[in-house]
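Asker: These protein sequence lines map, in sequence, to chains A and B. Counting with the numbering used here, you get residues 1 to 302 for the letters of the first sequence. Counting with the numbering used here, you get residues 1 to 226 for the letters of the second sequence. Cβ coordinates follow ideal geometry from the N, Cα and C atoms, glycine included. Keep in mind the model is a prediction, meaning the values are calculated, not measured. One structure follows; several queries about it will come next.
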Amino acid sequence: MRAQFVISETLIGLRRNLTMTIALIITTALSLALVGAALLMRTQVGNLKDFWYGKIEVSIFLCDPISDTAQCNKTAVSEDQRQAIQTALYANPVVQKVYYESKQDAYKHFLELFKNSPDLTKNVSPDALPPSFRVKLKDPKRFDVIQSEFQDMPGVDQVADQGKGLKPLFSTFDGLTTAALVGAAITLGASVLLIFNAIRVAAFSRRRETGIMRLVGASNLYIRLPFLLEGALAGFLGAAIASGFLALLKAYLVDSTLRKNIRFINWVGWPETAQVFPVLFLVGMLLATVSSFFAIQRHLRV
Amino acid sequence: MERVVKSYPTSTRPALDGVDVDIDKGEFVFLVGSSGSGKSTFLRLILKEETPSQGRVHVAGKDLSALSSWKVPALRRSIGCVFQDFRLLPNKTVFQNVAFALEVIGKPQGTISKVVPEVLDLVGLEGKAQRMPDELSGGEQQRVAVARAFVNRPMILIADEPTGNLDPQTSIGIMKLLDRINRTGTTVVMATHDASIVDSMRRRVVELSNGKVVRDQSRGVYGYGA
Numbered sequence: 001m002r003a004q005f006v007i008s009e010t011l012i013g014l015r016r017n018l019t020m021t022i023a024l025i026i027t028t029a030l031s032l033a034l035v036g037a038a039l040l041m042r043t044q045v046g047n048l049k050d051f052w053y054g055k056i057e058v059s060i061f062l063c064d065p066i067s068d069t070a071q072c073n074k075t076a077v078s079e080d081q082r083q084a085i086q087t088a089l090y091a092n093p094v095v096q097k098v099y100y101e102s103k104q105d106a107y108k109h110f111l112e113l114f115k116n117s118p119d120l121t122k123n124v125s126p127d128a129l130p131p132s133f134r135v136k137l138k139d140p141k142r143f144d145v146i147q148s149e150f151q152d153m154p155g156v157d158q159v160a161d162q163g164k165g166l167k168p169l170f171s172t173f174d175g176l177t178t179a180a181l182v183g184a185a186i187t188l189g190a191s192v193l194l195i196f197n198a199i200r201v202a203a204f205s206r207r208r209e210t211g212i213m214r215l216v217g218a219s220n221l222y223i224r225l226p227f228l229l230e231g232a233l234a235g236f237l238g239a240a241i242a243s244g245f246l247a248l249l250k251a252y253l254v255d256s257t258l259r260k261n262i263r264f265i266n267w268v269g270w271p272e273t274a275q276v277f278p279v280l281f282l283v284g285m286l287l288a289t290v291s292s293f294f295a296i297q298r299h300l301r302v
Numbered sequence: 001m002e003r004v005v006k007s008y009p010t011s012t013r014p015a016l017d018g019v020d021v022d023i024d025k026g027e028f029v030f031l032v033g034s035s036g037s038g039k040s041t042f043l044r045l046i047l048k049e050e051t052p053s054q055g056r057v058h059v060a061g062k063d064l065s066a067l068s069s070w071k072v073p074a075l076r077r078s079i080g081c082v083f084q085d086f087r088l089l090p091n092k093t094v095f096q097n098v099a100f101a102l103e104v105i106g107k108p109q110g111t112i113s114k115v116v117p118e119v120l121d122l123v124g125l126e127g128k129a130q131r132m133p134d135e136l137s138g139g140e141q142q143r144v145a146v147a148r149a150f151v152n153r154p155m156i157l158i159a160d161e162p163t164g165n166l167d168p169q170t171s172i173g174i175m176k177l178l179d180r181i182n183r184t185g186t187t188v189v190m191a192t193h194d195a196s197i198v199d200s201m202r203r204r205v206v207e208l209s210n211g212k213v214v215r216d217q218s219r220g221v222y223g224y225g226a
């Protein structure tokens, strides 16, 4: 097997069909970029989920003189009631961590949270905020268990799930990721067809050469290899362009813009981005080679 | 293998109908007959481009029907082919055209640069290695094709009307070349319409008509005005 000969035949083939080659490299690059973007998006949504669900707690607000629900009747929670709630929380199997936030702690957090809005903090006194238990669940989705157990306990004002507001957000993200993956699949399909066609045209335009190759007894592999390499090279170039595009996206959109403006989110990092690249190369080259293989099957049988 | 045997007992297809021919190693055989008589099919069977619907074809001691498809390239390496339309690659030089046949079967560059000039000398094209095919006359182009067919020193040379596009004078040149190749021990099977060539060579003639062998003479002429 003479590599030099096979490579030169491959390059001749690509040059001969230059416009077609460019078109299929661009399509492949676009669809692979979409695949990569979808994969990164999925990682990002996963990161967000971990981040938010890691922060999310169930708050059990305790009765306080200011609370005006019937349950509390404007009386503060007693020490016994508080102990009873705490014991029950420690005993509960879905609870991971419990910590108590006193009125003073709540006020401190409040000041911290709204330190940029002096108008707001000015008007709130330490008395205005109730004490609470902050409960972290092993599984953030098991809120209902906590609610049913503690809502009616004496001394409990209200059980609040902080994760509730995030669910529609996450389902939107999940939907977007799925949409990106479907779009990627469709464009990938298009580029597979394009490669299939390009290689078939290439096989047809070189039927004189391949005919002679068959006659003089070149092996099937030798006849096919230039075509398969053509496909693989197109896939490779497409993947390379897509990777470059994703890297730019990561550097300019995520790092320069999003990360600076929205600091509290754990944005995808380079290691995660780099993990996507080999996937792109694998998918691109594999699809291209396989479709080339089937494209020449008909033209080049013995 | 020593003996080259091709036998076609029975083919129901009209192209070749029960043809049974033995060709020995080193023979020079003319295959004659009108168009559609099955000459080309005969040649294609030898190359295993077609498989017989019935019967067997043996080439170089191998039964082609028992030959698995991945061994077909090996078979074709032992057979050289020349066609009426030359089948040269127009964008390659004479040298590259001949070298192509060796490159695609993976011969090393050293062998190619040694063997190709030799075979170009043999066919009488020394000094024209760097010409493009369309700069050559028909006869010269056919010499390139013969060089390409013979460069790998095949056991068998198949020629499908190699003189069909050439004038009589040039044809004689090609025939002398094929004769010389035959004298090196290569079996030559040539399909032709050219009566004068067959008559002048006085070699074995197999005449096909409607897929049947109607004549097999060891020192034959083209025919009785067929």
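Which residue or residues does DSSP assign as beta-bridge partners of Ser282/B?
Answerer: There is no way to answer for residue 282/B, as the model of chain B reaches only from 1 to 226.
Asker: Could you tell me whether the Cβ of Gly217/A comes closer than 8 Å to any Cβ of chain B?
Answerer: yes
Asker: Quick one: residues in its chain with C-beta nearer than 8 Å to the C-beta of Glu2/B, no 5 flanking neighbours on either side, listed in chain order?
Answerer: Reliability of the predicted coordinates at Glu2/B is poor, the pLDDT of 38 falling under 50, and the value obtained from them is presented with this limitation in mind. Closer than 8 Å at Cβ, skipping near neighbours: Lys25 and Gly61.
Asker: Taking Cβ-Cβ distances shorter than 7 Å, what residues in chain B pair up with Arg213/A?
Answerer: Reading off the sequence shown, one finds Met at residue 213/A, where the question assumed Arg. In chain order: Val104.
Asker: Per DSSP, Leu229/A is paired with what?
Answerer: None; Leu229/A has no bridge partner.
Asker: Going straight from the alpha carbon of Gly46/A to that of Val268/A, what length do you get?
Answerer: 10 Å
Asker: Taking Ala165/B as the query, report the chain A residues whose CB atoms sit under 9 Å from its CB, ordered along the chain.
Answerer: A small fix is needed here, since residue 165/B is Asn in this sequence, not Ala. Near Asn165/B there are no residues of chain A at all, since even the closest Cβ is about 17 Å away, more than 9 Å.
Asker: Hey, Val72/B and Val151/B: beta-carbon distance below 8 Å or not?
Answerer: Result no, Cβ atoms of Val72/B and Val151/B do not sit closer than 8 Å.
Asker: Which residue's Cα is closest to the Cα of Ala295/A: Asp127/A, Leu194/A and Lys167/A?
Answerer: Considering only alpha carbons, the answer is Leu194/A.
Asker: Say whether chain B places a C-beta atom closer than 8 Å to the C-beta of Arg208/A.
Answerer: yes
Asker: With 8 Å as the threshold, decide whether the Cβ of Asn210/B is near any Cβ in chain A.
Answerer: no
Asker: Taking any Cβ of chain B, which residues in the region 217–236 of chain A have a Cβ under 8 Å from it, in chain order?
Answerer: Gly217, Ala218, Ser219, Asn220, Tyr222 and Ile223
Asker: By the three-class DSSP mapping on this structure, what secondary structure does Glu161/B have?
Answerer: It is coil, neither helix nor strand.
Asker: Whose C-beta lies closer than 6 Å to the C-beta of Pro131/A among residues of the same chain, with five residues either side of it excluded?
Answerer: Setting aside the 5 residues that flank it on each side, Pro131/A is surrounded in the same chain by Leu62, Ser102 and Lys103, each with a C-beta closer than 6 Å to its C-beta; the list follows chain order.
Asker: Identify whether Gln71/A lies in helix, strand or coil by the three-state DSSP scheme.
Answerer: coil
Asker: Would you mind telling me which residues of chain A sit closer than 7 Å to Phe150/B, beta carbon to beta carbon, in chain order?
Answerer: Near Phe150/B there are no residues of chain A at all, since even the closest Cβ is about 11 Å away, more than 7 Å.
Asker: Give the DSSP bridge partners of Ser59/A, in chain order.
Answerer: Arg134/A and Ala160/A
Asker: Select from the region 100–127 of chain B all residues with a C-beta closer than 9 Å to any C-beta belonging to chain A, and list them in chain order.
Answerer: Phe100, Ala101, Leu102, Glu103, Val104, Ile105, Gly106, Lys107, Pro108 and Gln109
Asker: Should Asp68/A be listed as close to the ligand NAD, given that the test is whether its C-beta is under 7 Å from any heavy atom?
Answerer: The model depicted lacks the ligand NAD and carries no ligand whatsoever.
Asker: In terms of alpha-carbon separation, which member of Ser256/A, Leu248/A, Phe293/A and Val124/A lies closest to Ala37/A?
Answerer: Leu248/A
Asker: Can you check whether the CB of Thr273/A is closer than 8 Å to the CB of Ala232/A?
Answerer: no
Asker: Quick one: which unbroken beta strand (DSSP E) runs of 3-plus residues sit fully inside the region 75–153 of chain A? Chain order, please.
Answerer: 95–101 and 132–137
Asker: Counting only beta-carbon atoms, is Leu5/A nearer than 8 Å to chain B?
Answerer: The identity of residue 5/A in the sequence shown is Phe, whereas the question assumes Leu. With respect to chain B, the C-beta atom of Phe5/A has a partner C-beta closer than 8 Å.
Asker: If you measure from the beta carbon of Arg76/B to each beta carbon in chain A, is any gap under 8 Å?
Answerer: Chain A has a Cβ within less than 8 Å of the Cβ of Arg76/B.
Asker: So what does DSSP say about Val302/A, is it helix, strand or coil?
Answerer: In this predicted model, Val302/A has a pLDDT of only 48, less than 50, meaning its place in the structure is not dependable; the value taken from the coordinates is given anyway. Reduced to three states, the DSSP call for Val302/A is coil.
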